[in-house]
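Chemist: Residue numbers (the numbering used here): 18 to 434.
Below is one structure. I have some questions about it.
Have a look at this one:
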């Protein structure tokens, strides 16, 4: 069959932190101490806070980005951890959050052994990512279409297939269109961090050394919180840094991410643009006139049909990202359908979904509802001020509050009676 194998779990289960198979999961833990902690870097710290451990291979591809620094790639639950600096920063934050929770739970329940501490902290980290993804992130993408595709939760459904569809794994790569051409790093006052502030994106792929030697993750987190993402525009879908410069420092030549997305779709035998429009109950434009209407852009429609002959043949990734976005959202109707359907299935088909009765107590649920990504950043970095909603565009200082003002996760419902 043409169906590909998944190497990682599809569930929103923090497998990026804990790994997707038993052997990796064990190797990521600190099993020398009974504290339920994740293993951390033994060579460097981030002004006293933990870094991810390094991978233990003889030839690490990350060394190629700066041979004299000789810093290998990080190791985490997902092997793509070092692909870009923002991603490495997020992996680091959630590793620290696990260890922070395990430590607090131990203070609350001194009689718990390491395994119990590990699993309870892990369970909270998983819930944290589920809450943030569905309450704070998806509504910004899908806007008015959110409840259409992801209605209110009514409990686990055993007939829902939670695996990641082949087309979703491609469609979710729409994110490549919102990547900016540089990485910005900001100091304590949210000003550019000297000569380190704006690094062209293609000089940051696999560049662990830039985190270890150029200020840790705080400047990156500040940059991500303040910088808007690139708008998905029909006249520039993907920045040049991702076209022909991808992995330039570690490959024989730079790669083109947009081209790779389309090649992957073909390699996986995915149907074309119109077939997916039909699957989603949307119109299937046949003429230039119809397609111009769908895209709201006659010139672009003409270009597409020149290249592909018919909208039936358009690669689904490029067709989907070319659509005008739904009102107030960040994706077009086809992406809204593919992403919305997948995220609904990931929730409804997950027996351990945080809101499924029996997973957490009512008191624990109340506590978990107060979780924000802002507070996760506050609790696991040296940053003192954060916007309440990090997903929206925030200006410093007017949109920022002291970290103390942001609700913390109250762990008292986890205390044994």
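Glycine included, C-beta positions come from ideal geometry on N, C-alpha and C.
(1) Report the residue from 310, 283, 194, 139 whose alpha carbon sits nearest the alpha carbon of residue 250.
(2) Would residue 238 pass as a contact of residue 247 if the rule is Cβ separation under 8 Å?
(3) For residue 427, which of 202, 141, 72, 134 has the nearest alpha-carbon?
(4) For residue 67, which residues does DSSP report across the bridge?
(5) Identify which residue in 178, 353, 86, 285 has its Cα closest to the Cα of residue 229.
(6) Leaving out five residues before and five after residue 221 in sequence, what residues of the same chain have Cβ atoms less than 8 Å from its Cβ?
(7) Output the residue ranges of the beta strand (DSSP E) runs that lie fully inside the segment 255-313 and measure 3 residues or longer, sorted by chain position.
(8) Are the Cβ atoms of residue 297 and residue 354 separated by less than 8 Å?
(9) What separation, rounded to the nearest whole angstrom, lies between the Cα atoms of residue 242 and residue 60?
(10) Tell me where the beta strand (DSSP E) around residue 215 begins and ends.
(11) Can you tell me whether residue 40 is buried or exposed, with buried defined as 16 or more other CB within 10 angstroms of its CB?
(12) Determine the direct distance from the alpha carbon of residue 55 to that of residue 339, and round the result to whole angstroms.
(13) Can you list, in chain order, the residues of its chain with a C-beta nearer than 7 Å to that of residue 305? Leave out the 5 residues immediately preceding and following it.
(14) Do you know how far the Cα of residue 153 is from the Cα of residue 356?
(15) Does DSSP put residue 435 in a helix, a strand or coil?
(16) Note down, in chain order, each residue of its chain lying with its Cβ closer than 7 Å to the Cβ of residue 51, except the 5 sequence neighbours on either side.
(17) Relative to the alpha-carbon of residue 422, which residue among 252, 408, 387, 431 has its alpha-carbon at the smallest distance?
(18) Are residue 67 and residue 92 closer than 8 Å when you measure CB to CB?
(19) Compare the beta carbon distance of residue 112 and residue 25 with 8 Å and say whether it is the shorter of the two.
(20) Quick one: grab the DSSP three-state call for residue 402.
(21) Considering only the alpha carbon of each residue, which of 235, 358, 264 lies closest to residue 293?
(22) Across the segment 181-197 and the segment 327-341, are there enough close Cβ pairs to call them in contact, namely three or more that are closer than 8 Å?
(23) Quick one: what's got a C-beta closer than 6 Å to residue 198's C-beta in the same chain, skipping five residues either side?
(24) Can you tell which of 385, 235, 191, 352 has its C-alpha closest to the C-alpha of residue 274?
(25) So, with DSSP's three-state summary, where would you put residue 34?
(26) At the level of alpha carbons, what is the spacing between residue 480 and residue 376?
(27) Just verifying my parser: in three-state terms, what is the DSSP assignment at residue 374?
(28) Hey, which unbroken runs of the alpha helix (DSSP H) at 4 residues or more fall wholly within the segment 164-219?
(29) Would you say residue 179 and residue 362 are within 8 Å of each other, going by their C-beta atoms?
(30) Going by C-alpha distance, which of 263, 181, 22 is nearest residue 82?
(31) Rounded to whole angstroms, what is the Cα-Cα separation between residue 368 and residue 425?
(32) Is the beta carbon of residue 144 less than 8 Å from the beta carbon of residue 27?
(33) Do residue 364 and residue 151 count as a contact pair if the criterion is CB distance below 8 Å?
(34) Helix, strand or coil, according to DSSP, for residue 222 in the structure here?
(35) Three or more C-beta pairs closer than 8 Å, one from the segment 109-125 and one from the segment 391-399: is that the case here?
(36) CA-CA distance, residue 236 and residue 63?
Modeler: So, from the listed chains and residues:
(1) In the chain shown, the residue the question calls residue 250 occupies position 233. Answer by Cα proximity: 194.
(2) Position 221 of the chain shown, counted from the start, is the residue given in the question as residue 238. Position 230 of the chain shown, counted from the start, is the residue given in the question as residue 247. Not in contact: residue 238 and residue 247 (Cβ atoms no closer than 8 Å).
(3) By one-based count along the chain shown, residue 427 stands at place 410. Nearest option by C-alpha distance: 141.
(4) What you label residue 67 is simply residue 50 of the chain shown in a count that begins at 1. 62, per the DSSP bridge assignment.
(5) Position 212 of the chain shown holds residue 229. The shortest Cα separation from residue 229 among 178, 353, 86, 285 belongs to 86.
(6) Working through the chain shown from its first residue, we reach residue 221 at position 204. Excluding positions up to five away in sequence, the list reads 101, 102, 200, 227.
(7) 260-263
(8) The residue you call residue 297 lines up with position 280 of the chain shown. The residue you call residue 354 lines up with position 337 of the chain shown. Against a cut-off of 8 Å, the Cβ pair of residue 354 and residue 297 comes out as a contact.
(9) Counting from 1 along the chain shown, the entry for residue 242 is found at position 225. Counting from 1 along the chain shown, the entry for residue 60 is found at position 43. Approximately 28 Å between the Cα atoms of the pair.
(10) Here residue 215 refers to the residue found at position 198 when the chain shown is read from its first residue. Start and end: 215-217.
(11) Locating residue 40 in the chain shown gives position 23, where the first residue counts as 1. Looking at its Cβ environment, which holds fewer than 16 other Cβ atoms inside 10 Å, residue 40 is exposed.
(12) Against the chain shown, residue 339 aligns to sequence position 322. Against the chain shown, residue 55 aligns to sequence position 38. So the alpha carbons of these two residues sit roughly 42 Å apart.
(13) In the chain shown, counting from the first residue as 1, residue 305 sits at position 288. The answer, listed in chain order, is 318, 319, 322.
(14) Residue numbering aside, residue 356 sits at position 339 when the chain shown is read from its first letter. Residue numbering aside, residue 153 sits at position 136 when the chain shown is read from its first letter. Near 15 Å, if we compare the C-alpha coordinates of residue 153 and residue 356.
(15) Residue 435 is absent from the structure shown; the chain starts at 18 and stops at 434.
(16) The residue you call residue 51 lines up with position 34 of the chain shown. Cβ within range, chain order: 130, 131.
(17) The residue labelled residue 422 in the question sits at position 405 within the chain shown. Looking only at 252, 408, 387, 431, the smallest Cα-Cα distance to residue 422 is reached by 387.
(18) As a first step, residue 67 is located in the chain shown; it is residue number 50 there, counting from the start. As a first step, residue 92 is located in the chain shown; it is residue number 75 there, counting from the start. Cβ distance not < 8 Å, so residue 67 and residue 92 don't count as in contact.
(19) What you label residue 112 is simply residue 95 of the chain shown in a count that begins at 1. What you label residue 25 is simply residue 8 of the chain shown in a count that begins at 1. No, Cβ-Cβ distance for residue 112 and residue 25 is not below 8 Å.
(20) For the purposes of this step, residue 402 is identified with residue 385 of the chain shown, where counting begins at 1. Strand, per DSSP.
(21) Mapped onto the chain shown, residue 293 falls at position 276. Residue 293 has its Cα closest to that of 358, out of 235, 358, 264.
(22) yes
(23) Residue numbering aside, residue 198 sits at position 181 when the chain shown is read from its first letter. For residue 198, where only same-chain residues beyond five positions count, the Cβ hits under 6 Å are 218, 256, 258.
(24) As a first step, residue 274 must be located in the chain shown, where it is residue number 257. The residue with the shortest Cα to Cα distance from residue 274 is 191.
(25) As a first step, residue 34 must be located in the chain shown, where it is residue number 17. Residue 34 falls in the helix class under three-state DSSP.
(26) Because the chain spans 18 through 434 in this model, residue 480 falls outside it and cannot be assessed.
(27) The sequence position of residue 374 within the chain shown is 357, counting from 1. It is coil, neither helix nor strand.
(28) 183-188
(29) Translated into the one-based positions of the chain shown, residue 179 becomes position 162. Translated into the one-based positions of the chain shown, residue 362 becomes position 345. Yes, the pair counts as a contact, with Cβ atoms nearer than the cut-off.
(30) To locate residue 82, count along the chain shown from 1; it is residue 65. Comparing Cα positions, the closest option is 263.
(31) For this step, residue 368 is matched to residue 351 along the chain shown. For this step, residue 425 is matched to residue 408 along the chain shown. The straight-line gap from Cα to Cα measures roughly 27 Å.
(32) For this step, residue 144 is matched to residue 127 along the chain shown. For this step, residue 27 is matched to residue 10 along the chain shown. Not a contact, by the Cβ cut-off of 8 Å.
(33) Indexing the chain shown from 1 puts residue 151 at position 134. Indexing the chain shown from 1 puts residue 364 at position 347. In contact: residue 151 and residue 364 (Cβ atoms closer than 8 Å).
(34) To locate residue 222, count along the chain shown from 1; it is residue 205. It is coil, neither helix nor strand.
(35) yes
(36) Sequence index remark: in the chain shown, residue 236 carries index 219 (1-based). Sequence index remark: in the chain shown, residue 63 carries index 46 (1-based). Roughly 11 Å separates the two Cα atoms.
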